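Taking our numbering, the leading residue of the sequence shown gets 4, the next gets one more, and so forth.
Backbone N, C-alpha and C define an ideal beta-carbon position, used for all residues, glycine too.
Quick caveat: nothing in here was measured; it's all calculated off a predicted structure.
Shown next, in structure tokens, is the structure this report addresses.
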Amino acid sequence: MGGIHYRARAPLRVGLAGGGTDVEPYASKKGGAVFNATINRYAYCTITPTNDNMVSVYSTDYGKFQASLDGGPLKLDGNMDLAKAVANHFNITDGFKMFLQSEAPPGSGLGGSSTVIVSIIAAMCQWQNVRLTSMEMARLAYKLEREDIGLKGGKQDQYAAVFGGFNLMTFSDKGVNINRVRIPQDTINEFQYCSLLCYTGTPRESATIIESQVEKFNKGQNEEALDKSKDIAFSMVAALERGDINTVGELLDESWQYKKQFSNKISNPHIDSLYNAAKEEGAIGGKVSGAGGGGFMYFICRYDRKYSVAKALQKMGARVTDYMFEPEGVVSWRYPHE
Numbered sequence: 004m005g006g007i008h009y010r011a012r013a014p015l016r017v018g019l020a021g022g023g024t025d026v027e028p029y030a031s032k033k034g035g036a037v038f039n040a041t042i043n044r045y046a047y048c049t050i051t052p053t054n055d056n057m058v059s060v061y062s063t064d065y066g067k068f069q070a071s072l073d074g075g076p077l078k079l080d081g082n083m084d085l086a087k088a089v090a091n092h093f094n095i096t097d098g099f100k101m102f103l104q105s106e107a108p109p110g111s112g113l114g115g116s117s118t119v120i121v122s123i124i125a126a127m128c129q130w131q132n133v134r135l136t137s138m139e140m141a142r143l144a145y146k147l148e149r150e151d152i153g154l155k156g157g158k159q160d161q162y163a164a165v166f167g168g169f170n171l172m173t174f175s176d177k178g179v180n181i182n183r184v185r186i187p188q189d190t191i192n193e194f195q196y197c198s199l200l201c202y203t204g205t206p207r208e209s210a211t212i213i214e215s216q217v218e219k220f221n222k223g224q225n226e227e228a229l230d231k232s233k234d235i236a237f238s239m240v241a242a243l244e245r246g247d248i249n250t251v252g253e254l255l256d257e258s259w260q261y262k263k264q265f266s267n268k269i270s271n272p273h274i275d276s277l278y279n280a281a282k283e284e285g286a287i288g289g290k291v292s293g294a295g296g297g298g299f300m301y302f303i304c305r306y307d308r309k310y311s312v313a314k315a316l317q318k319m320g321a322r323v324t325d326y327m328f329e330p331e332g333v334v335s336w337r338y339p340h341e
């Protein structure tokens, strides 16, 4: 007798401007704004119901976990908490297997863990026949990841994974607003052509970077840099809407200078030398995606210099990644299996 696989796929994202202003307490106190775009790199979740009362989770990044569903809520203890928090929320008592796979390593700066939890929630909704609006799903992902599990970070990742595409997100004590940015297809094609994404080869622990950013904010040491970064998010959207990629690159460069002031852990000599090499070869601007400290770097290059920039970065040990912008957010489906 065959069964059903319940699957979901959520896109990872590149932060373009304003990242860091979606982190509390800044977001509630002063209002944050982030401009980001999803890419065709995904986190996948498959749920396969079983005939017992066991849960078994296998993740290509985090290893294995198995437990009985008899003993009440699963304990959040740092092992597979994303899967456990979702199972607890939906009060799952029927046995199931879960397979998790992400196309970006943990600590990559592409919104990994938030994208994973969004894929788990979407697959779980598909299995349990629960309908959530996009806003409800993103809010739930944020609540489970940041509040219930206590993973440190901002608010943009869960919303990017759910909504997909180019979005200007604003954050305040009243909640989150998602404004889809309508960019002409020709501009997206050109933007894609001039964009370069590379893996620095060093993952990073975003929680410690975010802690030091919050500490500096509470001491009044990076407030101006955060304010400026927020302004750049709006300027960058305007530049992209009018098709001015050069200005987008210059704004990216400017925002990187401010981002480095959020915390002394955001850059390091290796990142600085990669950045300088890219600029020398014709990158207009760039930044580290995510909290900083390693992971992926994103550059906008003059179209005829992109190849030279890529070569210079590869020489220094970075891996250039092919990707496309992804207009769609999370999707889920069911598929029969033997």
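For residue i, the three-state DSSP class (helix, strand or coil)
i: L277; result: helix
i: R183; result: strand
i: V119; result: helix
i: P14; result: strand
i: A241; result: helix
i: G35; result: strand
i: P28; result: coil
i: T190; result: helix
i: I152; result: coil
i: T250; result: helix
Beta-carbon proximity of residue i to residue j, cut-off 8 Å
i: K158; j: T211; result: no
i: V165; j: M127; result: no
i: L154; j: I123; result: no
i: K100; j: T51; result: yes
i: I181; j: M172; result: yes
i: L200; j: Y326; result: yes
i: Q216; j: F174; result: no
i: A125; j: V333; result: yes
Cross-strand partners of residue i (DSSP beta bridge)
i: Q69; result: S59
i: F169; result: A40
Spatial distance of residue i from residue j (CA atoms)
i: N91; j: P76; result: 5 Å
i: E284; j: C48; result: 40 Å
i: L316; j: R134; result: 45 Å
i: K233; j: K290; result: 15 Å
i: D64; j: S117; result: 14 Å
i: M319; j: A280; result: 9 Å
i: R1; j: N82; result: This structure does not reach residue 1, given that the chain is present from 4 up to 341, and the question cannot be answered.
i: K282; j: N43; result: 26 Å
i: H340; j: Q161; result: 30 Å
i: V240; j: T96; result: 46 Å
i: G23; j: G6; result: 44 Å
- Counting only runs of 3+ residues fully inside the region 307–338, write out the beta strand (DSSP E) ranges in chain order. Complete beta strand (DSSP E) runs here, min 3: 322–324.
- Message: Please give the ranges of any beta strand (DSSP E) in the region 74–105, keeping only runs that are unbroken, at least 3 residues long and fully inside the region.
- Response: 99–105
- Query: What are the complete beta strand (DSSP E) segments, minimum 3 residues, inside the region 196–230?
  - Reply: Within the region 196–230, the complete beta strand (DSSP E) runs of at least 3 residues are 198–202.
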